[in-house]
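Just below is one structure, and these are the notes that go with it.
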Amino acid sequence: MRLVLLGPPGSGKGTQATRLKDKLGLAHISTGDMLRAEISAGSELGKQAKAVMDAGNLVSDEILLGMLESRLSQADVAKGFILDGYPRNVAQANALDALLAKIGQPLDAVVQLDVATDLLVQRIAGRAAEQGRADDNPESVRNRLNVYNEQTAPVVDFYAGRGTLERVDGVGELDEVEARIHKAIKA
Ligand code: B4P
């Protein structure tokens with residue numbers, strides 16, 4: 005199973021991908037986590053990404069492509085994977101197609117998690133209180149939502165146009181949302 009999880013910030017991509025990877029025995033590839041690991045390690049890439057992420061903007065396609073290409077060359081990818089946080093614009097969706105064609109691992113499913121904006125803001129405020137992530141402040145969240153609407157929403161249309169998109173209601177208990185995703189993948 006090779007799966008892309010799409011959705012606005014706070015829709016539950018990271019939360020659900022973490023649950024699904026164990027149940028389905030898949031590699032979890034979160035570009036957000038990979039970037040945060042670079043920041044924690046103090047790498048050159050992390051230094052470049054930090055200010056962009058803190059402001060809620062997208063890190064450059066070039067950096068993301070290099071990171072993803074290297075991650076997809078790792079052995080655990082052969083068992084299947086969940087991509088969480090990539091692609092975030094149409095250029096990234098096209099780059100992903102090319103990368104997956106190169107390794108002979110085309111996508112099986114694309115799942116979009118739908119959650120209303122006021123609830124997204126509430127959830128992220130909850131995480132800000134618990135974890136203090138640098139980009140969970142109100143100004144950055146507003147920008148992340150704008151960036152999502154302008155750049156990432158077209159990716160949903162990109163996959164819908166191909167007939168590979170399953171939309172899932174992302175509102176409810178974690179188990180309920182997870183069950184809906186399992187059902188969508190089977191379909
Ligand atoms: P991400 O790490 O992908 O952050 P996110 O969109 O906020 O989603 P996340 O997965 O963390 O949150 P979740 O919805 O699970 O990206 C961060 C930044 O990295 C981006 O802004 C960008 O700068 C950069 N970046 C990453 N990928 C990139 C790319 N491809 N190109 C360029 N830049 C990129 O959870 C949010 C909260 O909701 C949690 O507290 C969770 O507990 C809660 N929650 C989840 N499901 C819930 C439910 N059903 N009910 C109640 N609460 C729930």
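If you count by our numbering, then the sequence shown holds residues 5 to 191, one letter each, in order.
All C-beta atoms, glycine included, are put in the ideal place defined by N, C-alpha and C.
{"Item": "Secondary structure at Glu-170, three-state DSSP: helix, strand or coil?", "Value": "strand"}
{"Item": "What three-state label does DSSP hand Ser-144 in the structure shown?", "Value": "helix"}
{"Item": "Determine contact between the stretch 57-70 and the stretch 90-106, defined as no fewer than three beta-carbon pairs at a distance below 8 Å.", "Value": "yes"}
{"Item": "What residue range does the beta strand (DSSP E) around Ser-44 cover?", "Value": "Note, Ser-44: premise wrong, no beta strand (DSSP E); alpha helix (DSSP H) at 35-45."}
{"Item": "Would you kindly check if the distance between the Cβ of Asp-88 and the Cβ of Lys-17 is under 8 Å?", "Value": "yes"}
{"Item": "So, Gly-11 versus Gly-174, is the Cβ gap smaller than 8 Å?", "Value": "yes"}
{"Item": "What did DSSP end up calling Ala-95 once you bin it into helix, strand or coil?", "Value": "helix"}
{"Item": "Return helix, strand or coil for Val-114, following the three-state DSSP convention.", "Value": "strand"}
{"Item": "Take Val-151 as the anchor and find which of Asn-61, Arg-6, Asp-139 and Ala-55 has the nearest alpha-carbon.", "Value": "Asn-61"}
{"Item": "Quick one: grab the DSSP three-state call for Arg-131.", "Value": "helix"}
{"Item": "With Leu-69 as the anchor, note down where its alpha helix (DSSP H) starts and where it stops.", "Value": "65-76"}
{"Item": "For ligand 1, is there a heavy atom less than 7 Å away from the beta-carbon of Thr-1?", "Value": "The shown model of the chain, from 5 to 191, leaves out residue 1, and the question about it has no answer."}
{"Item": "Could you tell me whether the Cβ atoms of Leu-169 and Val-160 are closer together than 8 Å?", "Value": "yes"}
{"Item": "With a cut-off of 8 Å, do at least 3 Cβ pairs link the stretch 100-117 to the stretch 174-189?", "Value": "yes"}
{"Item": "Can you tell me whether Gln-116 sits near ligand 1, meaning its C-beta is under 7 Å from at least one heavy atom of the ligand?", "Value": "no"}
{"Item": "Using the Cα positions of Pro-13 and Tyr-163, report the straight-line distance between them to the nearest angstrom.", "Value": "19 Å"}
{"Item": "Considering only the alpha carbon of each residue, which of Pro-158, Gln-78, Leu-28 and Asp-101 lies closest to Lys-190?", "Value": "Leu-28"}
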